[in-house]
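With the first letter of the sequence shown counted as 1, position 84 gets the number 66 in the numbering used here; the numbers rise by one all the way through.
Note that CB positions come from ideal geometry on N, CA and C, so glycine has one too.
These notes concern the structure reproduced below.
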Amino acid sequence: MVDRVPEAEKALVFPQLTDENYSLWSFRVEALLTSREVWTYVTDDPPDPVTNAWSKGDAKARAIINLAVSDQQVVYIRNKKTAKEMWDSLAAVHVRKESASALTFFKQLYQTKLQPGGDLAAHLRRLEAIRGELIRRDMEIPDIQYVFIILCSLNEDFDVTVVSSAAGIVP
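Okay, structure coming up:
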């Protein structure tokens, strides 16, 4: 990756937008645009008539968005005239993909089962990784629900643990 960030801004470097990271990317870029006081150019329509000050602020927001996407994502923003059009275009592409991806992760979360004799620690890490992917997509799973998912994922070797754990959780 070509280093396009001035030395004074190295602390602000984060991964560019790809097909896999829209939720986290949009959160970070929104924070960056807000810190640069240009987030309003993403959320608001241009004034009528367009002023020089607005054009300058919009150009700054467009530059930030442009530099924050991978080469493969440029196709979605190349012909957009405003930062708002760029942002909306990226959201239209990626929110739909993220929803389909979230369904896949939910399915994995509910269908992952510990095999008899399987490695419990590895199983729990796998469930936590899937949960992390859902959280990254703004699909929060309440702790109590997650505990039940874990308990339901265990095999019959853990029946006593499941029953005693559930008894302590459910009133």
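Less than 8 angstroms separates the beta-carbon of residue 135 from that of residue 96.
Per DSSP, the beta bridge partners of residue -1 are 51.
Counting the other CB atoms within 10 Å of its CB gives residue 66 a total of 16 or more, which places it among the buried residues. The continuous alpha helix (DSSP H) containing residue 10 extends over residues 4 to 17. At least 8 angstroms separates the beta-carbon of residue -4 from that of residue 18. The C-alpha of residue 68 is placed about 9 angstroms away from the C-alpha of residue 61. In the three-state reduction of the DSSP assignment, residue 96 falls in the coil class.
In this structure, the straight-line span from the alpha carbon of residue 4 to that of residue 58 is close to 13 angstroms.
Taking a contact to require three or more Cβ pairs closer than 8 angstroms, the stretch 74 to 91 and the stretch 38 to 52 do not qualify as touching.
The closest CA to that of residue 119, considering only 88, 128 and 98, is found on 88.
Cβ-Cβ separation between residue -1 and residue 55: approximately 5 angstroms, consistent with a contact (criterion under 8 angstroms).
Looking from the CA of residue 21, the closest CA among 31, 112 and 45 belongs to 45. If you ignore the 5 residues before and after residue 121, its C-beta comes within less than 6 angstroms of the C-beta of 84, all in its own chain and listed in chain order. For residue 24, the enclosing alpha helix (DSSP H) stretches over residues 22 to 25. Positions of the alpha helix (DSSP H) runs, each at least 4 residues long and wholly inside the stretch 99 to 136, are given as 102 to 118 and 125 to 135 in order along the chain.
In terms of Cα proximity to residue 50, the closest of 117, 8 and 126 is 8. Check the Cα spacing between residue 63 and each of 117, 27 and 128: the tightest is with 27.
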